[in-house]
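Engineer: In our numbering, the protein residues as written are 252 to 437.
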C-alpha cells in the first residue's frame with residue numbers, strides 16, 4: 252500500500268467555488284443559530300471567527316469567473332450580516348433571515364441567564380481578519396482578471412460585471428459597528 256498521492260487525485264471534495272460556498276453556507280447557518288446566551292455566546296463567536304478565517308482563506312484558492320464571483324460576493328455579504336447579528340448579541344431568526352434582539356426576562360436574569368458581549372480581543376481579531384482579507388481578495392481578483400486586457404484594473408472588471416458597489420460594501424456593516432475603517436483601502 253502506497254501513501255503517496257498523485258497530482259491526478261482530487262485534493263478536495265468541493266472542486267468548485269460554488270460547491271465550497273454551498274457547504275460553507277450550511278455551516279454558517281448552523282453557527283449563527285447558536286443562541287447568544289452564556290456559555291454558548293463565546294462558542295458562537297469562536298466558531299464564526301474560525302469559519303470566517305477558513306472561508307476567506309479558501310475562496311482565493313478557487314478561480315473567479317463571472318458566474319462564481321457574484322455568488323462569492325453574496326456569501327461574503329451574508330457573512331457580514333452574520334457578524335452584525337453576533338456583535339449585537341442578537342438571536343438569528345431563520346424565517347426572516349435577520350437578527351432579532353435578545354430579551355432576558357427578570358426571572359431568567361435572577362437565575363443567572365445572561366449574554367456576554369464579544370470581547371475586545373475577538374473584535375480585534377475580527378477587524379484584523381477583515382482588513383487582511385480585503386487586501387487578499389483584491390489581489391485574488393487582480394490575478395483573475397481578463398489576461399487579454401492587461402490595461403483593465405479590478406475596478407473596471409467589477410464594474411463590467413455590475414459588482415463594484417457590492418464589492419466596495421463588503422463588511423461595511425461589521426466595520427461600522429466595530430468603529431470605523433470602512434472605506435479605507437489597505
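Backbone N, C-alpha and C fix where the C-beta goes; we use that ideal spot for every residue, glycine too.
As the structure is a prediction and not an experimental result, all values here were calculated from the model.
Comparing C-alpha positions only, which one of 273, 403, 267 sits nearest to residue 326?
Structural biologist: The shortest Cα separation from residue 326 among 273, 403, 267 belongs to 273.
Engineer: Among 276, 426, 269, which residue has its Cα nearest to the Cα of residue 329?
Structural biologist: 276
Engineer: My output table needs one value for residue 383: the three-state DSSP class, helix, strand or coil.
Structural biologist: DSSP places residue 383 in helix when its eight states are reduced to three.
Engineer: When the Cα atoms are used, what is the spatial distance from residue 399 to residue 311?
Structural biologist: For residue 399, the predicted structure reports a pLDDT of 47, less than 50, and the residue's modelled location is therefore unreliable. A value from the coordinates is still provided. Each residue's Cα considered, the two are about 21 Å apart.
Engineer: Pull up the distance between the alpha-carbon of residue 284 and that of residue 394, whole angstroms please.
Structural biologist: 36 Å
Engineer: Return the chain-ordered list of same chain residues with a C-beta closer than 7 Å to the C-beta of residue 351, the five sequence neighbours on each side being excluded.
Structural biologist: 341, 342, 344
Engineer: Based on the DSSP output, what are the partners of residue 343 in its beta bridges?
Structural biologist: 350
Engineer: Tell me which residue opens and which closes the alpha helix (DSSP H) that residue 420 is part of.
Structural biologist: Residue 420 -> no alpha helix (DSSP H), and no H or E assigned at all.
Engineer: If you drop the 5 nearest sequence neighbours on each side, which residues of the same chain put their C-beta closer than 7 Å to that of residue 333?
Structural biologist: 279, 283, 299
Engineer: What first and last residue would you give for the alpha helix (DSSP H) that runs through residue 214?
Structural biologist: This structure cannot settle anything about residue 214, because the visible part of the chain is limited to 252 through 437.
Engineer: Compute the distance between the beta-carbons of residue 320 and residue 412, then report whether it is under 8 Å.
Structural biologist: In contact: residue 320 and residue 412 (Cβ atoms closer than 8 Å).
Engineer: Let's see if you can read the secondary structure: which residues bound the alpha helix (DSSP H) around residue 320?
Structural biologist: Looking at the DSSP string, the run of the alpha helix (DSSP H) that includes residue 320 is 319–338.
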